């Protein structure tokens, strides 16, 4: 699928980007070029040390910001596939710096779209978040706008052979700023701060997130928001899995935070199909494909009217033991309780 292709990853030095690079090199040894596009030269230098140029000549490093349309367009010359992972992702950072969040997450998304259209790119997959579903914080709102931009981009492609789609998933296990590394660090203090005893979240491993993007590249026809079928966990079970000996203290829900996350609302059910491994929310306006086109292409069925996908009412759950096993596998092999 990606052999002999040129792939560009915006935000390519983040947790997702690093795992995506590793996966491409493992599965597609004949990939023509992987362009890591980001604005942090220090993080790029770390990746260069892991993949020295004499062993990995297919890697290219572009310093640039998705806010810079000209630089984005320059980076996209000759590119076949774009994975758009660059974003301001921290909820509290976005609340305190709203204009900066909008410039990166909304204006940046539009720049990626126009660069892809101008440069003859074939496939564009943008990363989203469960916080884009019925958003209550600015980060989620900007990602919802981004999702809509990428879905609508299919309607302005004209005769160009290009497809845009989105993947939306929940908390990535062990990613920077997430609860698991935070609790592991706090374990040394003997006290874990819990926002709310009833809080739940969706859970996905970094590799499963990468696999989902690979699926989207190989199967989208343009406009889909792909949603994985994944388990939920209770925040109290995470605390028990990591530090059963520690006390917990309820500190309250942070600004812009939900008690339970959503990925599909009951209103979304009108446009949602079940693909088996994933769901797909279809664009409400598509000039390229009908609902039947999507259903036939994906061999899918429509979800029932009123269906919703919420971390608090999910039917699949992680247990304390399964969480411990996942932490050892995906976060910290030396972890023990």
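In this note's numbering, the protein residues as written are 3 to 339.
Glycine included, C-beta positions come from ideal geometry on N, C-alpha and C.
As the structure is a prediction and not an experimental result, all values here were calculated from the model.
* To do: For residue 228, I'd like the list of residues in its chain whose CB is within less than 6 Å of its CB, leaving aside the five on either flank, ordered along the chain.
  => 169, 218, 280 and 282
* Between the C-alpha atoms of residue 176 and residue 212, what's the straight-line distance to the nearest angstrom? -> 14 Å
* To do: For residue 159, write down the residues that DSSP places opposite it in a beta bridge.
  => None, per the DSSP bridge assignment.
* Residue(s) in a DSSP beta bridge with residue 204 -> 234
* If you draw a straight line from the C-alpha of residue 95 to the C-alpha of residue 269, how long is it? -> 29 Å
* Which residues bound the beta strand (DSSP E) around residue 86? -> 83-86
* Where residue 289 and residue 164 are concerned, what is the direct C-alpha to C-alpha distance, given to the nearest angstrom? -> 14 Å
* Straight-line Cα distance separating residue 297 from residue 274 -> Whole-angstrom Cα-Cα distance: 10 Å.
* State the CB to CB distance for the pair residue 285 and residue 153, rounded to an integer number of angstroms; the pair is presumed to be in contact (CB under 8 Å). => 4 Å
* Asked: Among 85, 30 and 70, which residue has its Cα nearest to the Cα of residue 16?
  -> Of all alpha-carbon atoms in 85, 30 and 70, the one lying nearest the alpha-carbon of residue 16 is that of 85.
* At a cut of 8 Å, does the region 68-87 reach the region 195-209 through at least three beta carbon pairs? -> no
* **Segments of 4+ residues assigned as alpha helix (DSSP H) that fall wholly inside the region 269-339** => If we require 4 residues or more, the alpha helix (DSSP H) runs fully inside the region 269-339 come out as 293-300 and 322-332.
* **Residue range of the alpha helix (DSSP H) that includes residue 1** => In the structure as shown, the chain starts at 3 and stops at 339, and residue 1 therefore has no counterpart that could be examined.
* Asked: What separation, rounded to the nearest whole angstrom, lies between the Cα atoms of residue 26 and residue 224?
  -> 22 Å
* Selected residue, minimal CA-CA separation from residue 331, among 319, 207 and 79 -> 207
* If we ignore side chains and look at the alpha-carbon of each, how far apart do residue 190 and residue 182 end up? -> 13 Å
* residue 12 - containing beta strand (DSSP E), residue span -> 8-12
* Under 7 Å between C-beta atoms of residue 39 and residue 77 -> Taking 7 Å as the Cβ cut-off, residue 39 and residue 77 qualify as a contacting pair.
* Asked: Roughly how many angstroms lie between the CA atoms of residue 130 and residue 194, to the nearest whole one?
  -> Those two C-alpha atoms are separated by around 29 Å.
* Taking the alpha helix (DSSP H) that residue 74 falls in, what are its first and last residues? -> 71-77
* Look up residue 249 in the DSSP assignment and give the residues it is bridged to. => 193
* Counted within 10 angstroms of its Cβ, other Cβ atoms place residue 251 as buried (16 or more) or exposed -> exposed
* Determine, using beta carbons only, whether residue 82 and residue 7 come nearer to each other than 7 Å. => Taking 7 Å as the Cβ cut-off, residue 82 and residue 7 qualify as a contacting pair.
* **Status (buried if at least 16 other CB within 10 Å, exposed otherwise) for residue 311** => buried
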